Amino acid sequence: EGILQVNDEEESLEWKMYFDGAVNSTGSGIGTVLISLEGRHLPIAGKIDFPCTNNVAEYEECILSLQAAINLKVKELEVFGDSILTIFQMLKQWKTKDLKLVPYHEYLEELTENFEDISFAYTPRMAVDGKPWYADIKHLLQTGQFTAFTDGHDRRTLRRIATHFSLSGETLYRRSFDATLLQCVDGNEAQRLMEEVHEGNCGPHMNGLMLAKKIMRLGYFWSTMETDCIKQVRHCHLCHVYANQIRAPPNELHPMAAPSPFSMWGMDLSITSLSGSKLASVTEKAVARFLKRDIIARYRVTTTLVTDNAKNLNNKLIDELCAQFKIQHRNSSPYRPRINGAVEAANKN
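Each residue of the sequence shown is one higher than the last, beginning at 2 in my numbering.
Printed below as a string of structure tokens:
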């Protein structure tokens, strides 16, 4: 991935340097291009003989480039690179936390002291040459020759991929499996197609895979269309606003006053439940006193009181107390004796 050639630059009073490093399964390589004040291009390339990461390779290449500029007695230099980590750390906008990169960063700062004026600028990878993704394929079909700096592996890959493409004039088409010709588009045209198709010109909003299939049915193609369509849908504001929310209630919510915190009480009394003291028997007066003192006075007036069918819970004294505070007294179903037994078993514990 070495940047060994760039387009002609405008006249400048500073030297320019473009650097890049890459690590893959076949090895690690670094490359740079120095552009003099007269516009001469000085390419430099190298190979790293030790295992390293992409970030280490970028630092190695930047150090090699600055050393070459120092040997050429360059005093003013503009540095361009596609490594956002290296550039922003040199601009002191990011901190260097990786222990492997700290020695490289310190040595790189020492090299910058040899220049009277040096600046670093981040260049996105897509803006390095400005060519579309199909430039190499189109060049192979037009001339029958490979572009510069392609090795044997790249040539075999290009020959295999080019069998699925055809050229008509200056327009490149890809043959689909059903023999349909799909026009190849660049990044700007692909972005315009995704926006227009997804925003409703060809139907309602859809998910990423459906968007990619619909664009293919319209007769367009680019290499990363499924990934790009998924990203486009994820960043769509209207899809987030009107999408079905799995956590939303099934019906529209209406504001209402806060109900009573205890609208219903279920009560069953044992011998030890009245004020925590043991009694010989739970009488009607003891139940009424417990309901008035420990329930109503402590937790406010309840709406409904549910008890079992015991006589000490169903009597005239309890009915008068419920009528006084307007409490609806209900009894549990006598046809479910197991329910009453479950409460009794809990009281035993």
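Every residue, glycine too, gets a C-beta built ideally from N, C-alpha and C.
Every value quoted in this text rests on a predicted model; they were computed, and no experiment measured them.
Under the three-state reduction of DSSP, C53 is assigned to coil, being neither helix nor strand.
One alpha carbon belongs to K215, the other to G22, and they sit about 38 Å apart. Setting aside the 5 residues that flank it on each side, V302 is surrounded in the same chain by F326, each with a C-beta closer than 6 Å to its C-beta; the list follows chain order.
Beta-bridge pairing by DSSP links N245 to no other residue. For the pair M211 and K139, the Cα-to-Cα distance works out to about 28 Å. Looking only at K312, Y60, L73, L322, the smallest Cα-Cα distance to R294 is reached by L322. With a contact defined as Cβ atoms closer than 8 Å, I45 and L65 qualify at about 7 Å. Beta-bridge analysis with DSSP links W16 to L78.
With fewer than 16 other Cβ atoms inside 10 Å of its own Cβ, W95 counts as exposed.
When Cβ pairs closer than 8 Å are counted between the two stretches, the segment 105 to 122 is seen to touch the segment 69 to 88, the count reaching three or more.
Under the three-state reduction of DSSP output, Q329 falls in the strand class. Assignment of alpha helix (DSSP H) within the segment 89 to 128, counting only whole runs of 4 or more residues, yields 103 to 113 in chain order. Under the three-state reduction of DSSP, K139 is assigned to helix. Here the segment 51 to 64 lies against the segment 74 to 90, with 3 or more beta-carbon pairs under 8 Å apart. Residue burial is scored here from C-beta neighbours: A122 has fewer than 16 other C-beta atoms within 10 angstroms and is therefore classed as exposed. Sequence-distant Cβ neighbours of N55 in its own chain, meaning closer than 6 Å and more than five residues away, are V24. Beta-bridge partners of C185 (DSSP): F222. Pairing Y221 with L183 gives a Cβ-Cβ distance under 8 Å. Bounds of the beta strand (DSSP E) holding R176 are 172 to 176.
When secondary structure is reduced to three states using DSSP, H236 falls in the coil class, being assigned neither helix nor strand. Counted as a single uninterrupted DSSP element, the alpha helix (DSSP H) harbouring G153 occupies residues 153 to 163. Annotation for V307: the continuous beta strand (DSSP E) segment containing it runs 305 to 308.
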